[in-house]
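Chains as they are written, first to last, in the numbering used here: chain A, 9 to 606; chain B, 463 to 812.
Structure first, commentary second.
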Amino acid sequence: MGQLIKNDFSIIVGTANGSGSQTSNSTILRALFKMGIPVSGKNLFPSNIQGLPTWYIIRASKDGFIARREEREIVVAMNKKSFEKDFASVTTGGVFYYDDSFGTPPAREDITIYPMPVKQIIREASDVPSNLRDMISNMVYVGILSQMHGIEMDKIETALSFAFKGKRKAIDLNLDVAKAAAAWAAANLQKVDPYVFEPMDKTHGLIMSDGNLAGALGSIYGGVQFVGWYPITPATSLAEELNEYLPKLRQSPDGKATYAVVQAEDELAAIGMCIGAGWSGLRSMTSTSGPGLSLMTEFVGLAYYAEIPVVIWDVTRIGPSTGLPTRTSQGDLNFAVNMGHGDTDNIVLIPGSINECFEFGWRSFDIAERIQTPVIVLSDLDFGMNQWMTEPFLYPDSPMDRGKILWEDDLDKLKETWGRYLDVDGDGIPYRTVPGNRHPAAAYFTRGTGHDPFAKYSEEPDVWEENLNRIKSKFITAKKYLPEPIIEKNGSSKEAIITLGSTVYAVRETVALRKQNEGKEFDLMRIRAIPFSDSVRDFIAAHEKVYIVEMNRDGQLYEELLVNMPDLAGKLVSVAYSDGMPPSASRIISEMQKKESK
Amino acid sequence: MAQTLPMAEAAQTNLAGLTKNDYKGLPSTLCQGCGHNSIAAQVVTAAYEMNIVPQNVVKFSGIGCSSKSPTYFLNRSFGFNSLHGRMPSLATGALFGDITLKGIGVSGDGDSASIGMGQFKHTMRRNTNMVYIIENNGVYGLTKGQFSATAEVGLTLKKQGVNQYMPIDICMEAIASNASFVARSFAGDPKQVKELLKAAFAHKGIAVIDIISPCVTFNNQDNAYHSYSWGKDHEAPLHEISFIPARDEIMLPDEFEEGSVREVEMHDGSSIVLKKLEKEYDPTNRYSALNILEQSQENNWLVTGLIYLNPSKPALSDKYNLVDTALNRLDESSLRPGPETINEINSLMF
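Structural data, given as structure tokens:
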């Protein structure tokens, strides 16, 4: 054994979907987090309930990089079906653990191989009920990894206690197996590999959450009042978390609800309900993914034109129809910006951290109500369904902005005639009333058909054109309400990278690695909203060459930038790819270098 | 001179202190003689006679001729002309804004029995608190005369040929989906339309009224269920879209007694057969309701009246234990959890 490699390697666990490995994998992840080691976990699962191979990637990074890596230093094979593939995948110098009932793997001189007598350990470890044996057998590798690589057993207990909400029986059942497996490893395995975990202090004050939970909680702090939704991977848990937390956080003192959640019959109805609710003055939202977004498009186009606030979370997955429904992507950007027929320019918010999923959860309502238009929050599966370490959620730092809404008193005081689509303030945003306003002059008729500033039916060409142009001007006004891009200066005035969303983690690592290995410096900008802030243009103008890095085939962010800043096109280089996997720095570097060599 | 016209009527106010004029809408832009116009007129009368405050009503529609109607009544009510077949979802969300509001939706057979069939049935099972009128003429009007899903087998339309498919019975679908109030009427029987509308307004939950409302322009073939056929030998080219002849709406000439069967003569001599439910008919029995619909299908009748009623089924909003204040009047103090909660939430995150 040469020099030890500490807190800087990946563990990949191959199991069968539905075998209960989620608990054991997240136990390892959480235990490492509690040891103060920066860590990330990515679940690569199939679209299946039970049986197909699934992998979980745990990356520890002393330097705090939590994107996926391509290297596979420690591979644990718990699924006979993927045993051979898993074996072949181990990085040279790495370690292979396997359930010894799968047979003996072929010889490989470049890695360390440890068999695990899973059945024997389970049999000998206390009295596990026979119906739970398969599920609990995943705790065997938790115990063995703990012993062999230094995951602290008390942290494993803490993680199990969290997973089982303090239920002692379930905790002990799992913990006993982990301890028995650790004891077996201590007695039977000779450590010859260099990979060790050591406690650090780099997670202090951080929390762990997934983006769907963060988005749901943020929405609750944003005062969500109506949720219409329909199940779709990877967006389902966002609505489910709303169901979980709304009763805890949003009941009146007498136990009554300040919200309503309706599971719709499909996405056509989910968005219809949300737009109806938004029209009647409720903070309303839905969560969906690509296919659902397609179904919602006609309604969103109507909401754009009839000027109705609504928030739509698109937890993006890859491809049309089913595509790869359990894999991540940033492939809905162009669609989200333009969804609706005719002329549209929807507001799109793109969170770039779990904490920001929370922030955009509440902020999206302020923007939707202020601009009176649909707001699409583009998260993705990597954020939505994986556990991330993140800064704690921050309480909203500004009061709710309910936008331009008139109630009975406001109408009483009004000297001029109120017009629903009348631009009084010159910012393109008219004043609205909502059903339930009993003032005799409050009511108006909402329609997708042509209408004048007083909401009267009109097919006059100039009325149509003026109205559509006024709506356009709202999106210029919108810029000052949208989150500015985040710039990370690294001292380069020559080259820069623009990215968005969850891809930023791999891009930050890219920037660090290229500086370290090649001495090249890149400034970094993360876009958080469309329409683009003027600072995006300034940033591009200030650099000679700007790489646009994103997870889709065609370079959709690149295309949006081209359309908006054609004069700067010569500076932009698209670095886009999409394979369903969370991005890695090494792949991004190789894609960038391909473009550079041209 | 013209300004004095409404004065005579304006003098009479109802218990809400409103004149009938206060319930009116804009002039209709539908064809003259269209059954939808008299339905709109009955909505006005029913609301006036029931002393309903228009501001307590919200109007909805989908897309189609029928869906234009909400502009022809209750000008003081908010209204939303939504998407084809998706009025139910829009109304469902909108009515959560203030659950003291009553919804009134106007849809058509194309809107509800085809593209919107899913939403129609799901809003039945949710028991959304609204009057749901379907102006049923068996034909797509705004797109100039295609078969709808309620058109009978064998109906011939000029550009479509012969309808091959069995019709959908809207009332049967509503009952099958657990609607709590299901009625059928005929636009030419304004008294019954009005009485059913009043009952529907009074009902808490979904109240479906399938109103046969003949299309004067496109579904006017001999023997068509939903027809108002113009004379066969009439000079006017009936399917020429640029010429829509003006004609009178067919009205029942006298009182249509309960329990009686009435053959309604159309302009061209074709007819439909209406059967008004017996006085003794018990609409609270779901089995009898389905039975009478089955019988009427066998006999080629269109049974009219209140077919099914379950007044005790909780309406959608009753299932949500909502605060007493209308949701859309809640402010930040009740919508945003206090700052003290954020630490606890963070501690729950591990």
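All C-beta atoms, glycine included, are put in the ideal place defined by N, C-alpha and C.
Small disclaimer: the values here were computed from a predicted structure and weren't measured.
*Could you confirm whether any beta carbon from chain B is found closer than 7 Å to the beta carbon of residue 264 (chain A)?*
yes
| message | Considering just the uninterrupted stretch of the beta strand (DSSP E) at residue 105 (chain A), what are its terminal residues? | response | Element bounds for residue 105 (chain A): 103-107.
Three-way DSSP call (helix, strand, coil) for residue 651 (chain B) in this model
coil
Original post:
Counting contacts by CB-CB distance shorter than 7 Å, is residue 794 (chain B) in contact with chain A?
Top reply: yes
* Could you round the C-beta distance between residue 596 (chain A) and residue 514 (chain A) to whole angstroms and report it? I think they count as a contact, below 8 Å. => 6 Å
Query raised in the report: Counting only beta-carbon atoms, is residue 489 (chain B) nearer than 7 Å to chain A?
Result: no
Going by Cα to Cα distance, which pick from B:498, B:504 and B:499 is closest to residue 663 (chain B)? Closest by C-alpha distance to residue 663 (chain B), out of B:498, B:504 and B:499, is B:504.
| message | Just checking: is the beta-carbon of residue 584 (chain B) within a distance shorter than 7 Å of some beta-carbon in chain A? | response | yes
Inset, instruction - Spatial neighbours of residue 628 (chain B) within its chain, please: CB distance less than 8 Å, with the 5 preceding and 5 following residues excluded, ordered by chain position. - result: 615
For this session: Report all residues from its chain with a CB closer than 6 Å to the CB of residue 304 (chain A); omit the five preceding and five following residues, and keep chain order.
Result: Excluding residues within five positions, the ones whose Cβ falls inside 6 Å are 275 and 279.
*asked:* Quick test of the definition: if touching needs 3 or more C-beta pairs under 8 Å, does the segment 443-461 of chain A touch the segment 348-366 of chain A?
replied: no
* Taking all protein chains shown into account, do 16 or more other C-beta atoms lie within 10 angstroms of the C-beta of residue 749 (chain B), making it buried, or fewer, making it exposed? -> exposed
message: Counting only Cβ pairs nearer than 8 Å, list the residues of chain A close to residue 788 (chain B).
response: Simply 444.
Check distances from the C-beta atoms of the segment 553-570 of chain B to those of chain A and list, in chain order, the residues that come in under 7 Å. 553, 554, 555, 556, 558, 559, 560 and 563
Of all the residues that make up the segment 502-517 of chain B, which are near chain A by a beta-carbon distance shorter than 8 Å?
-> 515, 516 and 517
**Which of helix, strand or coil DSSP assigns to residue 805 (chain B)** = helix
Bridge partner(s) assigned by DSSP for residue 522 (chain B): B:542 and B:567
>> Contact criterion: CB-CB distance below 7 Å. Does residue 797 (chain B) meet it with respect to chain A?
In response: yes
Restricting to Cα atoms, I'd like to know which of B:764, B:746, B:751 and B:485 is closest to residue 773 (chain B).
B:746
* Asked: Could you give the uninterrupted runs of the alpha helix (DSSP H) lying entirely in the segment 76-127 of chain A, keeping only those of 4 residues or more?
  -> 91-97
Residues sharing a beta bridge with residue 237 (chain A), DSSP
A:271
Within the segment 733-794 of chain B, note down every full alpha helix (DSSP H) run reaching 4 residues or more, in order along the chain. 748-761
Practice item. Let me know the secondary structure DSSP gives residue 139 (chain A) once reduced to three states. Key: helix
| said: Which residue wins for smallest C-alpha separation from residue 429 (chain A), given the options A:232, A:406 and A:380? | reply: A:380
Tell me the DSSP bridge mates of residue 426 (chain A)?
Looking at the DSSP assignment, residue 426 (chain A) forms no beta bridge with any residue, so it has no partner.
* To do: List the DSSP bridge partners of residue 388 (chain A).
  => According to DSSP, which records beta bridges pairwise, residue 388 (chain A) is partnered with A:324.
The alpha helix (DSSP H) spanning residue 162 (chain A) covers which residue range?
161-171
Is the Cβ of residue 524 (chain B) closer than 7 Å to any Cβ of chain C?
Here the protein chains are A and B, and chain C is not one of them.
Query raised in the report: Is the shortest distance between the beta-carbon of residue 578 (chain B) and the beta-carbons of chain A less than 7 Å?
Result: Not an interface residue.
### Query
Per DSSP, residue 532 (chain A) is paired with what?
A:496 and A:505
> Between the C-alpha atoms of residue 551 (chain A) and residue 483 (chain A), what's the straight-line distance to the nearest angstrom?
Replying inline: 27 Å
Q.
Along the segment 622-640 of chain B, where does the CB come closer than 9 Å to a CB of chain A? Name the residues.
A. The segment 622-640 of chain B vs chain A, Cβ under 9 Å: nothing.
Per-residue DSSP class, three states only, for residue 555 (chain A) = Residue 555 (chain A) falls in the strand class under three-state DSSP.
Item to complete: Output the distance between the C-alpha atoms of residue 450 (chain A) and residue 538 (chain B), rounded to the nearest integer angstrom.
Response: 8 Å
> Just checking my contact of residue 541 (chain B) with residue 564 (chain B) at CB under 8 Å: how many whole Å lie between their CB atoms?
Replying inline: With 8 Å as the limit, residue 541 (chain B) and residue 564 (chain B) do not qualify as a contact, their Cβ atoms being about 13 Å apart.
Anything in chain B within Cβ reach of residue 2 (chain A), meaning under 7 Å, just list it in chain order. For residue 2 (chain A) there is no data in the structure shown, the boundaries of chain A being 9 and 606.
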